[in-house]
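Mapped onto the working numbering, the consecutive letters of the first sequence carry residue numbers 2 to 466. Think of the CB as a built atom: it goes at the ideal place given N, C-alpha and C, for glycine as much as any other residue.
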Amino acid sequence: MRTTLYGGVRIVDHPDPGNVYKLDLQCLPMIYEFHRHGLLADRERFAQLEVVLNAEILDLNERLAIEAGWEVNAASSDDVRRLLIRELGLSAPLGFQMTRSGQISMDSELLRSMRGQHPAVDMILRIRELRKLLNTYVAKLPQMLNAEGRLRTTFRHTSTETGRLSSENPNLQNIPARTKTGIEIRNCFRAAPGNLLVSCDLSQIEMVLAGHLSGDENMLRAFRDGSDIHTLTAVTAFCLPDSERRYYIRLSDMARREENGEAVVWTEDERRDWKQFKQQKRLPAKTVGFGILYGQTASGAQWNIVDQGGPVLSIEACEGIISGFFDAYPGIRNWMREQESRARTRGMVWDMFGRVRMLPAAMSEIPRIARKAVREAGNMPIQSSAQGIIKLAMAEAMELVKRYRRQNHVVMPLLQIHDELVFEVSEDCAECFAADLRDIMIGCVDLKVPHSASYSVAERWGELK
DNA sequence: CGGGAGCGCGCG
DNA sequence: AAAGCGCGCGCTCCCG
């Protein structure tokens, strides 16, 4: 039994936080490297992109004004509400979400669900997307370059609740990646001539850790066999009969092998069935699977499934998928309950390295406050453990960096983006460094699941992965 | 005109 | 009514 003070609170019987302090200390040399180097930017390319975006936004704004009959500011949710709800009378398939101040929310999730009712919806979405990219990144970042044309960020390593790093002035952990224009922004960052960018990330690390921490046998087996987790969840959650179960698991296996570059022969029926299963069953199951790690409820899942192009499901159906997930992986349910109980009875949870998060709110008598804390309790050990693994890898990778430097190679640690590390490395050894880095990210910790990491090498950031 | 709340959205 | 975890940051709107 150990009694210590943590955050000014006396607590009994919790893991030794000594390892955490060591972890945080050991990753500092690499953070120093991040600060020292910065990312090389392509001014020319930024400038070109800025012209293109400006033109498209201007054009869209004009067309929106014609459509509406007045000058709508897409960045003003008041304007958007006035146009779409009051003047055009549009409605959402799942009803409206309210903001804290009691207004109907006009966020992109809701707008996407109203697509097709009126052309103004798509225009507003597109204007929003482009304005965000232009104002936050394309017009802003080039002003922040140093004399060498490199962009430096500041990482904070003591500011988050889960041990994650945060990045500010500017934030280089949220550079766009998901859209076509976003990738063009990433392509404005590059390695210097003679160098290449290397990135390596931990695959599905949070789901892997859910398996490791809970010890759930079904999930461990699934990861060991390399089967598709979301298909397994789907067939259980939707209560498919045995024959269909086996059929779809076989199809998911074929899809995986095909992705790995194997030649796979599909019949026409199989193709059609897989495509339908993927959209109608696997997508909801996948969405729920991620949501569960955040404590998502049925109504949250319902919105999310629609948002990602899945079917409109009833609340009952969503509840069914969530409980189906827990039936497929009962160990996860028990583990989640254990975190909830730690939060409710002791006001704290901790991760696999002993990092503690105090959650006194979980003891609150106000249900909304307590529920929020319980969600945080379920997520923290997973997010925090993932971060611990990356910090271990950062410490070990620093030795790798020194070894390469002794052989006169250029190696510049550039960024940590939560489950990913980015380096700039001389081109003659980039591939080799990447493989060594991957081995460190896998080997730095021993989990019940053999986890994996994947790397990528390219000249420009947007070409990675 | 600066500060801050509220909203929205980029990333993992 | 509430609504999914962790961040940083830009714009709008309102206040002093």
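Point to revise | Residues that DSSP places opposite Tyr456 in a beta bridge | key: Here residue 456 refers to the residue found at position 455 when the first sequence is read from its first residue. Paired residue(s): Cys201.
Check your understanding: Should the stretch 374 to 389 be regarded as contacting the stretch 428 to 441, the criterion being three or more beta carbon pairs within less than 8 angstroms?
Key -> no
Point to revise | Which residues DSSP lists as bridging Ala42, in chain order | key: Sequence index remark: in the first sequence, residue 42 carries index 41 (1-based). Paired residues: Phe190.
Check your understanding: Helix, strand or coil for Thr155 per DSSP?
Key -> As a working mapping, residue 155 is identified with position 154 in the first sequence. If DSSP states are grouped into helix, strand and coil, Thr155 belongs with the strands.
Exercise for review: Please name the residue, chosen from Leu111, Gln417, Gln340, that lies closest to Asp202 on a Cα-to-Cα basis.
Suggested key: For this step, residue 202 is matched to residue 201 along the first sequence. Residue Gln417 is the option with its Cα nearest to Asp202.
Review point. What is the DSSP secondary structure of Asn170, reduced to helix, strand or coil?
Key: As a first step, residue 170 must be located in the first sequence, where it is residue number 169. DSSP places Asn170 in coil when its eight states are reduced to three.
Check your understanding: Hey, Val73 and Leu91 are a contact pair by Cβ (cut 8 angstroms); roughly how many whole angstroms apart?
Key -> Here residue 73 corresponds to residue number 72 of the first sequence, with the count starting at 1. Here residue 91 corresponds to residue number 90 of the first sequence, with the count starting at 1. Wrong, their Cβ atoms sit about 14 angstroms apart, outside the cutoff.
Check your understanding: Does the stretch 151 to 169 touch the stretch 36 to 50, meaning 3 or more C-beta pairs lie closer than 8 angstroms?
Key -> yes
**Study point:** Short Cβ contact (8 angstroms threshold) for Ala178 with Arg187
**Key:** For this step, residue 178 is matched to residue 177 along the first sequence. For this step, residue 187 is matched to residue 186 along the first sequence. Yes.
Practice item. With DSSP collapsed to three states, give me the class of Met359. Key: Your numbering for residue 359 matches position 358 in the first sequence. Three-state DSSP puts Met359 in a strand.
Check your understanding: Quick one, are the C-beta atoms of Pro94 and Ser78 less than 8 angstroms apart?
Key -> Counting from one through the first sequence, the residue named residue 94 turns up at place 93. Counting from one through the first sequence, the residue named residue 78 turns up at place 77. Result no, Cβ atoms of Pro94 and Ser78 do not sit closer than 8 angstroms.
Exercise for review: Quick one: measure Cβ to Cβ for Leu438 and Leu415, integer angstroms, because I've assumed they're closer than 8 angstroms.
Suggested key: Position 437 of the first sequence, counted from the start, is the residue given in the question as residue 438. Position 414 of the first sequence, counted from the start, is the residue given in the question as residue 415. Leu438 to Leu415, Cβ: 13 angstroms. No contact.
Check your understanding: So Asn471 packs on Glu425, CB below 8 angstroms; how close in whole Å?
Key -> A question about residue 471 goes unanswered here, because the residues of the chain that appear run from 2 up to 466.
Exercise for review: Please work out which residues of its chain come closer than 8 angstroms, Cβ to Cβ, to Ile184, disregarding the five sequence neighbours upstream and downstream, and give them in chain order.
Suggested key: Taking the first residue of the first sequence as position 1, residue 184 is located at position 183. Result list for Ile184: Pro177, Ala178, Gly463, in chain order.
Check your understanding: Who are Trp351's beta bridge partners in DSSP?
Key -> Within the first sequence, the letter at position 350 stands for residue 351. In DSSP, Trp351 forms a bridge with Val357.
Check your understanding: Using the rule of at least 16 other Cβ atoms within 10 Å of the residue's Cβ for burial, across every protein chain shown, is Gln297 buried or exposed?
Key -> In the first sequence, residue 297 corresponds to position 296, counting from 1. Per the 10 Å Cβ criterion, buried.
**Study point:** Opening and closing residue of the beta strand (DSSP E) in which Ser427 lies
**Key:** The residue labelled residue 427 in the question sits at position 426 within the first sequence. Where Ser427 is concerned, the enclosing beta strand (DSSP E) stretches over 421 to 427.
**Study point:** Whole alpha helix (DSSP H) elements within the stretch 15 to 39, 4-residue minimum
**Key:** 19 to 27, 29 to 38
Exercise for review: Classify Arg461 as helix, strand or coil using the three-state DSSP reduction.
Suggested key: Position 460 of the first sequence, counted from the start, is the residue given in the question as residue 461. DSSP places Arg461 in strand when its eight states are reduced to three.
Exercise for review: Starting from the N-terminal side, write out each stretch of the beta strand (DSSP E) that is 3 residues or longer and does not extend beyond the stretch 261 to 343.
Suggested key: none
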